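**Student:** Residue numbers (UniProt numbering): 1 to 445.
Here a beta-carbon is modelled for each residue, glycine too, at the ideal position from N, C-alpha and C.
Remember, predicted model here, so these are calculated numbers, not experimental data.
This is the structure I want to talk about, given as structure tokens.
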């Protein structure tokens, strides 16, 4: 067997094995809940029992997702950006397990890596890639990165896709769609089925390294002269190998979340927000993978951006104009005008009745940060907003069931929500209104 095809030591790919591991997750959760009920009947405090259930659930869920990599790990990474929305009673148990998925995964053997390089870059690959580290510098859901040196002296990052990734991704996403109960236990209110449906539509694109290389090159050119944001350019690409310029960083945004100073949190939070909102107008694309491992801290205070596998091509250059216009109307507090605007662009269909004030309340997470000169994103704020709009007893909850989000807005909605989650984890204060005025069409009027 060719080394590039050997997968037993790379990505676990046997469908039966992967399916069995994923199927065990909801069964394990149900068993822990039943055991917990028995302990409560036996007199153990409810809080202690619930804490034990959450801790054991987190341990099993994210250990399994990390070991399987593929779509399983990508699902875990997407959940991880929403850690800030967890109730504090659960957050302590899930935080470490969630964030661990943002920056790591079990490695693939070097022999398989070299086989893939020979297959994709040619048998003479070592004449161009003159040095290659034995151990990966980083690992993620569908591949791992090795440090190397190109023949012209440049330090490079060599990203190699795990063999069997497509098969594993498709199998995982079919199985993960059945994990609604355990997903809702981790992040209450999260629509797991909707998240998986989007992943099924888009995450396969991550396997297309030539397409990713094309997107990364566009971003690299757009930010080539930017004083605060750096995007490494592409050096060479093959079907499952992507070579880019190396970024010498001091860690990822996950490090700032864990131990950053208040000044660092504000600084990098603002850079993240500026990147997310400037990219569509500069590149015509949306960087659609906001988890912290994709953003690196540079020694000079700049922010480096990695991983363009989920870069989404927008229909028009920049965010849709109605988005900024509607947020501007909402920021004035004119609920009637907001509902009229939503109807005009199809967010509320004809014949659907809504209470204007409830609509305004529902949109608060997207509007509140734009009301002030500077806004501090906190876990407490994120938690309360997330709880409110997902509480069936809250009038704003029914609004979400009545809104019609056009397909072109679904990804923007998820990325924006994920971005808010990361800013809340950072506890960052940023000039959010100023950023929207500069980069969100329609918002400045």
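1. Please tell me whether residue 326 and residue 310 are closer than 8 Å, where the distance is taken between their beta carbons.
2. Report, in whole angstroms, the separation of the C-beta atoms of residue 297 and residue 351, which I expect to be a contact under 8 Å.
3. Just tell me which of 358, 382, 211 has its CA closest to the CA of residue 446.
4. Looking at C-beta atoms only, is the number of pairs between the segment 397–406 and the segment 353–370 that lie closer than 8 Å three or more?
5. Between the C-alpha atoms of residue 260 and residue 421, what's the straight-line distance to the nearest angstrom?
6. Contact between the segment 114–122 and the segment 232–242 is defined here as three or more beta-carbon pairs at a separation below 8 Å; is this criterion met?
7. Under 8 Å, do residue 324 and residue 423 count as touching if we go by C-beta distance?
8. For the ligand ATP, I want to know if residue 153 counts as a neighbour, meaning its beta carbon is within less than 7 Å of at least one of the ligand's heavy atoms.
9. What alpha helix (DSSP H) runs, 4 residues minimum, are completely inside the segment 99–173?
10. Return the Cβ separation of residue 114 and residue 150 in integer angstroms, given the expectation that the two are a contact with Cβ distance under 8 Å.
11. Over the uninterrupted beta strand (DSSP E) stretch that includes residue 236, give me the two end residues.
12. Assign residue 230 to one of two classes, buried (16 or more other C-beta atoms within 10 Å of its C-beta) or exposed (fewer than that).
13. What's the gap between the Cα of residue 434 and the Cα of residue 373?
14. Span of the beta strand (DSSP E) holding residue 295?
15. Could you have a look at residue 245 and say whether DSSP puts it in helix, strand or coil?
16. In whole angstroms, give me the CA-to-CA distance for residue 438 and residue 281.
17. For residue 376, which residues from the same chain have a beta carbon less than 6 Å from its beta carbon, with the 5 sequence-adjacent residues on both sides left out?
18. Helix, strand or coil, according to DSSP, for residue 432 in the structure here?
19. With DSSP as the reference, please indicate the residues paired to residue 229 in a beta bridge.
20. For residue 330, which residues from the same chain have a beta carbon less than 7 Å from its beta carbon, with the 5 sequence-adjacent residues on both sides left out?
21. Starting from residue 209, trace the alpha helix (DSSP H) in both directions and tell me its first and last residue.
22. At which residues does the alpha helix (DSSP H) containing residue 379 begin and terminate?
23. Kindly confirm or deny that the segment 153–170 and the segment 266–276 touch, where touching means at least three C-beta pairs closer than 8 Å.
24. Just to check my reading of the structure: residue 126 and residue 148 have Cβ atoms closer than 8 Å, yes? What is that Cβ distance to the nearest angstrom?
25. Name the residue from 344, 135, 277, 285 whose alpha carbon lies nearest to the alpha carbon of residue 431.
26. Starting from residue 285, follow its DSSP beta bridges and name the residues at the other end.
27. Sort out for me which residues DSSP pairs residue 376 with in a bridge.
28. Considering only their Cβ atoms, is the gap separating residue 308 from residue 236 smaller than 8 Å?
29. Under 6 Å Cβ to Cβ from residue 223, same chain only, skipping five residues before and after it: list those, please.
30. Alpha carbons only, please: which of 233, 378, 289 is nearest the one belonging to residue 257?
31. Note down the Cα distance separating residue 405 from residue 415, rounded to an integer number of angstroms.
32. For residue 252, name the three-state secondary structure that DSSP assigns.
33. Would you call the CB atoms of residue 522 and residue 234 closer than 8 Å?
34. Rank 130, 131, 164 by C-alpha distance to the C-alpha of residue 108 and give the top, closest one.
35. Alpha carbon to alpha carbon, how far is residue 205 from residue 417? Give it in angstroms, no decimals.
**Tutor:** With the structure as the only source:
1. Counting from one through the chain shown, the residue named residue 326 turns up at place 326. Counting from one through the chain shown, the residue named residue 310 turns up at place 310. No, these two residues do not count as a Cβ contact at 8 Å.
2. Residue mapping note: residue 297 aligns to position 297 of the chain shown, counting from 1. Residue mapping note: residue 351 aligns to position 351 of the chain shown, counting from 1. About 51 Å separates the two Cβ atoms, so there is no contact after all.
3. An answer regarding residue 446 cannot be provided, because it is not within the stretch 1 to 445 covered by the chain.
4. yes
5. In the chain shown, residue 260 corresponds to position 260, counting from 1. In the chain shown, residue 421 corresponds to position 421, counting from 1. The straight-line gap separating the alpha-carbon atoms of residue 260 and residue 421 is approximately 17 Å.
6. Three or more pairs of CB atoms, one per stretch, sit closer than 8 Å, so the segment 114–122 contacts the segment 232–242.
7. Sequence index remark: in the chain shown, residue 324 carries index 324 (1-based). Sequence index remark: in the chain shown, residue 423 carries index 423 (1-based). Their beta carbons are not under 8 Å apart, which means residue 324 does not touch residue 423 by this criterion.
8. Summarising the ligand content, the structure contains no ligands, and the ligand ATP is consequently not present.
9. Annotation: the segment 99–173 contains the following complete segments of the alpha helix (DSSP H) (minimum length 4 residues), in chain order: 110–121, 125–128.
10. Along the chain shown, one-based indexing puts residue 114 at 114. Along the chain shown, one-based indexing puts residue 150 at 150. 17 Å between Cβ atoms; not a contact.
11. The residue labelled residue 236 in the question sits at position 236 within the chain shown. 234–237 is the span of the beta strand (DSSP E), which, as asked, contains residue 236.
12. For the purposes of this step, residue 230 is identified with residue 230 of the chain shown, where counting begins at 1. That one is buried.
13. Numbered from 1 along the chain shown, position 434 holds the residue referred to as residue 434. Numbered from 1 along the chain shown, position 373 holds the residue referred to as residue 373. Using only the alpha carbons, I get a separation of about 7 Å.
14. For the purposes of this step, residue 295 is identified with residue 295 of the chain shown, where counting begins at 1. Looking at the DSSP string, the run of the beta strand (DSSP E) that includes residue 295 is 295–297.
15. By 1-based counting over the chain shown, the position of residue 245 is 245. Three-state result, residue 245: strand.
16. To locate residue 438, count along the chain shown from 1; it is residue 438. To locate residue 281, count along the chain shown from 1; it is residue 281. Distance between the alpha carbons of residue 438 and residue 281 is about 10 Å.
17. Translated into positions along the chain shown, residue 376 becomes position 376. Excluding positions up to five away in sequence, the list reads 429.
18. In the chain shown, counting from the first residue as 1, residue 432 sits at position 432. In the structure shown, residue 432 adopts helical secondary structure according to DSSP, grouped into three states.
19. Numbered from 1 along the chain shown, position 229 holds the residue referred to as residue 229. Answer by DSSP bridge pairing, in chain order: 303.
20. For the purposes of this step, residue 330 is taken as the residue at position 330 of the chain shown. Excluding sequence neighbours, residue 330 sits near 338, 360, 363, 367.
21. By 1-based counting over the chain shown, the position of residue 209 is 209. Run containing residue 209: 209–222, per the alpha helix (DSSP H) assignment.
22. One-based indexing of the chain shown puts residue 379 at position 379. Residue 379 -> alpha helix (DSSP H) spans 379–389.
23. no
24. Within the chain shown, residue 126 is the residue found at index 126, counting from 1. Within the chain shown, residue 148 is the residue found at index 148, counting from 1. Contact doesn't hold; Cβ gap of about 10 Å is too wide.
25. One-based indexing of the chain shown puts residue 431 at position 431. Considering only alpha carbons, the answer is 277.
26. In the chain shown, residue 285 corresponds to position 285, counting from 1. Answer is 313.
27. Translated into positions along the chain shown, residue 376 becomes position 376. According to DSSP, residue 376 bridges with 429.
28. The residue given as residue 236 occupies position 236 in the chain shown. The residue given as residue 308 occupies position 308 in the chain shown. No, they are not a contact pair.
29. Within the chain shown, residue 223 is the residue found at index 223, counting from 1. Here the set comprises 229, 231.
30. If you number the chain shown from 1, residue 257 lands on position 257. The shortest Cα separation from residue 257 among 233, 378, 289 belongs to 378.
31. The residue given as residue 405 occupies position 405 in the chain shown. The residue given as residue 415 occupies position 415 in the chain shown. Rounded to whole angstroms, residue 405 to residue 415 spans 14 Å at the Cα level.
32. Position 252 of the chain shown holds residue 252. Of the three classes helix, strand and coil, the one that applies to residue 252 here is strand, per DSSP.
33. Here the chain covers residues 1 to 445 and nothing more, so residue 522 does not appear.
34. Position 108 of the chain shown, counting from 1, holds the residue named residue 108. Answer by Cα proximity: 164.
35. Locating residue 417 in the chain shown gives position 417, where the first residue counts as 1. Locating residue 205 in the chain shown gives position 205, where the first residue counts as 1. Straight-line Cα distance between these residues: approximately 21 Å.
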